[in-house]
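Protein chains in written order, with our numbering: chain A, 196 to 648; chain B, 196 to 648.
There are 2 protein chains.
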Amino acid sequence: MERDEGKRQIRLGLFVLHAGYHLAGWRHPEARSGGEDFGLMRETALTAERGLFDLFFLPDTPTSSRGASPSAAARLEPLTLLSALAAVTRDIGLVATASTTYNEPFNLARQLASLDHLSGGRAAWNIVTTLSGDVAASFGRAGHLPHAQRYARAAEFIEVARGLWDSWEDDAFVRDKASGVYFDKAKLHDLRHEGTHFSVRGPLSLARPPQGHPLLVLAGASDEGQALAAQVADIVFSAQNDFAAAQAFYAGVKRRAAEAGRDASRLQVFPGVLPILGATEAEARAKFDHLQSLVDMEQALPLLSFFLGHDVSGLPLDEPLPELSTSDAMKSRTELLARLARAERLTVRELARIVAAGRGHLVVVGSPVQVADTLEQWFLGGAADGFNVMVPYLPGGLEDFVDGVVPVLQARGLYKTAYAPGTLRDRLGLARPVSRYAPPLGAPRRGPVYSEH
Amino acid sequence: MERDEGKRQIRLGLFVLHAGYHLAGWRHPEARSGGEDFGLMRETALTAERGLFDLFFLPDTPTSSRGASPSAAARLEPLTLLSALAAVTRDIGLVATASTTYNEPFNLARQLASLDHLSGGRAAWNIVTTLSGDVAASFGRAGHLPHAQRYARAAEFIEVARGLWDSWEDDAFVRDKASGVYFDKAKLHDLRHEGTHFSVRGPLSLARPPQGHPLLVLAGASDEGQALAAQVADIVFSAQNDFAAAQAFYAGVKRRAAEAGRDASRLQVFPGVLPILGATEAEARAKFDHLQSLVDMEQALPLLSFFLGHDVSGLPLDEPLPELSTSDAMKSRTELLARLARAERLTVRELARIVAAGRGHLVVVGSPVQVADTLEQWFLGGAADGFNVMVPYLPGGLEDFVDGVVPVLQARGLYKTAYAPGTLRDRLGLARPVSRYAPPLGAPRRGPVYSEH
Ligand SMILES: Cc1cc2nc3c(=O)[nH]c(=O)nc-3n(C[C@H](O)[C@H](O)[C@H](O)COP(=O)(O)O)c2cc1C
Ligand SMILES: Cc1cc2nc3c(=O)[nH]c(=O)nc-3n(C[C@H](O)[C@H](O)[C@H](O)COP(=O)(O)O)c2cc1C
């Protein structure tokens, strides 16, 4: 551990889908799945903690995919599931995806703050504006908000949430039995936010979170998305499958953060990676081929259509993907897949099978050393601060990674050998946001109120 | 245990406020409190489970009381807290209060279903329309909805939630690796609800809850509230401090349920009770006097004002409470307190001190045998199926009850000596709601999909 001191190291998040990230992963003989199975999620979180993962990440859309992806057809709700996991884990960060388009700021800010308290400072929020317009119909909305409006609402939502988290100063609760004073009234603040999308008086009915503000994650790939991330995010998730493109994206994010006046090292970039592991490359290749043989085109085509923003079910399967106009929804992924199809002259069927495996993210098929090589290359080559690890199926796909790749990275000094103490922000080297009501610098210092628990 | 077979027994719920139910409970030398303290909540839940409590009940209002009650100034959010507790408890029912006025049906139905899965069928929902108009300002609303509209919205909200819980038939998920069929499409149903307050297409993105529908609790005391409870509730909470009035309320609820075409024994009535315990009556009395001496009028008067729906802070403290018109908000509690004040010719100060102790609920000061006597009288005398137990402070107030009163009730055969197996509904003798899409009677039976976990 000593030799790691101060050395920049790879961070790892686990991208969790109960049926596995590979579309046919659940069909693997060793796979378990179940969108309502808390036992599987607990086991997964404990294995991730054994592998010293920094983040346990749950994606979400408040609708059922109706079958394109078994994991998104039905699953436990992120904030409740992560709260349950908070009680049975100790160190891993808990990342809940929640939509700024389909929530009330007061309710969501409160639940995120509650999760941060329950977990002793391990809550993170993956801020999404929600891609699927399908959702609107379950929320009494005539339609999905247009992209720019979604992001305007998101920016204001975050502003409100941060304000609500600051409602109580860190040392507001004195609980003095002798005098009967439970809290210091001067340290309770109404937000009184009056904006375009929200009017929220506050205060929040919960003490300031241990992290000050839960960690903020953003995966917006559009211009608006990246601009917002540059301003407010602690971590940016992205989808990349090409080293040079990933380097360019990484540099762009850092530049934008610097332009927004921030220390760029405090905005960390995590591309996704799907490792398919075997003891040897040949074994890994055989496993990949087996998984690919299980892909059902009836599920793969809707998934491809989703990512392209175009219904491709009517296209001839064995001809090259035609040029498609980019859609409002997931422009960056559409472009990434179109680029890939062009470069490799892929047919619709071939592209659908690629999407079934990694959904456009980097797929690495190989031995633990080979996978570690790729991670090292991207990390040292300025393409990543960490990775969002997707596993093809649970629990085996994760165990392969934890038992195979993690020790290799550790031996290279590229990965921690124990969790650092403190909150999630502490562990990631991110400063605790100062409350907007904190006394100005130079005023008498007050001791910390929160200790780890 | 054998001799209890079939005998009707008292049910117990624990009404949980971190700072104790007694307004000054947190000032007791042995008290611990802390609205962000998960450790205290975990310990409380485990003690309640040691006492074989059926329910762990968290009240809630989505706003901060700003100090009238320390417990309501700041606290963990119910659905996240109960999810965390689900992971560390085994048997106790988990009752989340959530408002039909300040939530979206899709989001709330999903989180409640998720809690039911996480807990292996132990979720319950205390349905409230929210009393405090103060909340509106944090949800961008011009004002609180009027009482009748709140209940109309509540009734439709429940209808939508039940429909969403039925989205997937119990045996929809086949997960057949060989054929690649994850679920049976014929067993997935869109709700397509189009009503006055909501338009919700569905389906829910989560399998049907283990209980079919989470248990439904209602504490509405108004005519609308009782009418809704008679139609949909499994349990009714109430506030009573007079045996005869409690009998009349009990009979009224049962009659209404029967009129609504239900088996009245399936709608259970739980009045609240605050026991102050000592080894002897004298000891208990001394403890009560001590707690009363800690009451701060600056906190008690706002609490009294809240329950009366009138600001009483300007009234002369040592003169009798004047006649007050009843308010829209909490008519029944206002009437109960006004009746008490009249009958006992109480001054404002005296009434405020009574509210500080039990907020209008029955307060029993005595030895474990004396408290058990009162519970037995109410239970056998047709005033209660169970009790919502309030404790003056944590953790001692609860330990006193579990170690003192529970064994007395057990010795009398009035209380279980172990949890029954199954879901919360099973334990309370309540049938699992049949899905609206279940095949009609006589059609081939399908085996249960859920097992306990
Ligand atoms: C790793 C990763 C995970 C994502 N998870 C979700 C998710 O759970 N829910 C969601 O609505 N969108 C999710 N997205 C989509 C992004 O939030 C974003 O909408 C998308 O990248 C398109 O960018 P844009 O919204 O700026 O146009 C994810 C994207 C990536 C790269
Ligand atoms: C034991 C008990 C617990 C209650 N808990 C809550 C609560 O947590 N949140 C809330 O808004 N109202 C709560 N209430 C108030 C009721 O939901 C209801 O609004 C009140 O009894 C007045 O009845 P009405 O709404 O039919 O007029 C509670 C009432 C009782 C008796």
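Virtual Cβ for every residue (Gly too), placed ideally from N, Cα, C. Keep in mind the model is a prediction, meaning the values are calculated, not measured.
query, result
"Given A579 of chain B as reference, the closest of B:V323, B:A443, B:F378, B:D458 once Cα atoms are compared", "B:A443"
"Cβ-heavy atom distance, L326 of chain B to ligand 2, below 6 Å", "yes"
"Through-space distance from A440 of chain A to I287 of chain B, alpha-carbon basis", "53 Å"
"Environment of V603 of chain B [buried if 16+ CB atoms lie within 10 Å]", "buried"
"Chain A contacts from the segment 285-309 of chain B (Cβ-Cβ distance under 8 Å)", "Y297, N298, E299, F301, N302, R305, Q306, A308, S309"
"Residue range of the beta strand (DSSP E) that includes Y377 of chain A", "376-378"
"Alpha-carbon to alpha-carbon, P587 of chain A and E594 of chain A", "11 Å"
"R194 of chain B, DSSP secondary structure in three states", "A query on residue 194 of chain B cannot be resolved here, the shown segment of chain B reaching from 196 to 648 and no further."
"Beta-carbon gap between E272 of chain B and Q406 of chain A smaller than 7 Å", "no"
"Inter-stretch contact at 8 Å, needing at least 3 Cβ pairs: the segment 365-384 of chain B / the segment 455-467 of chain B", "no"
"Own chain, CB closer than 8 Å to S333 of chain B, minus 5 neighbours either side, in chain order", "P257, T258"
"D255 of chain B, buried or exposed, once every other Cβ within 10 Å from all chains shown has been counted against 16", "buried"
"Uninterrupted alpha helix (DSSP H) stretches inside the segment 543-585 of chain A (no shorter than 4 residues)", "543-553, 563-575"
"Check whether T275 of chain A and T296 of chain A have beta carbons under 7 Å apart", "no"
"Pair within 7 Å by beta-carbon distance, V600 of chain B and P628 of chain B", "no"
"Sufficient close CB pairs (3 or more, under 8 Å) joining the segment 420-437 of chain A to the segment 369-378 of chain A", "no"
"Host alpha helix (DSSP H) of N298 of chain B (start-end)", "No alpha helix (DSSP H) holds N298 of chain B; DSSP gives it neither H nor E."
"Residues, ordered as in the chain, of the segment 224-253 of chain B that lie near chain A by beta-carbon distance below 7 Å", "S228, G230, E231, F233, G234"
"Inter-residue spacing [alpha-carbon to alpha-carbon] between F248 of chain B and G208 of chain B", "6 Å"
"Within 7 Å, strictly: CB atoms of H152 of chain B and S264 of chain B", "The structure shown does not extend to residue 152 of chain B, since chain B spans only 196 to 648, so no value can be given for it."
"Partner residues on chain A for D484 of chain B, Cβ-Cβ distance less than 8 Å", "Per Cβ cutoff of 8 Å: no residues; D484 of chain B is ~17 Å from chain A at best."
"Separation of L619 of chain B from G420 of chain B, as counted between CA atoms", "24 Å"
"Span separating the alpha-carbon of E364 of chain B from that of V543 of chain B", "56 Å"
"Through-space distance from A219 of chain B to L469 of chain B, alpha-carbon basis", "14 Å"
"Assigned secondary structure, N302 of chain A (DSSP; H/G/I helix, E/B strand, else coil)", "helix"
"Same chain, Cβ closer than 8 Å to P136 of chain A, neighbours up to 5 away in sequence not counted", "Given that chain A is displayed from residue 196 to residue 648, the structure contains no residue 136 of chain A and the question cannot be resolved."
"CB contact below 7 Å: K361 of chain A versus chain B", "For the record, residue 361 of chain A in the displayed sequence is Asp; it is not Lys. It does not; no Cβ of chain B falls within 7 Å."
"Within chain A, partners of F393 of chain B - CB distance below 8 Å", "G335"
"Cβ-heavy atom distance, G555 of chain B to ligand 4, below 6 Å", "This structure simply doesn't include ligand 4; it includes ligand 1 and ligand 2 instead."
"Residue from B:L303, B:E238, B:R554, B:A226 with nearest C-alpha to A279 of chain B", "B:E238"
"Short Cβ contact (7 Å threshold) for G338 of chain B with A331 of chain B", "yes"
"Presumed contact (8 Å Cβ cut-off) between A495 of chain B and A414 of chain B, rounded CB distance", "Their Cβ separation, rounded to whole angstroms, is 22 Å, which puts A495 of chain B and A414 of chain B out of contact at 8 Å."
"Distance cut-off 6 Å: F251 of chain B Cβ against heavy atoms of ligand 2", "no"
"Closer than 7 Å to chain A by CB, K382 of chain B", "no"
"Between the CA atoms of V355 of chain B and G390 of chain B - distance to the nearest angstrom", "9 Å"
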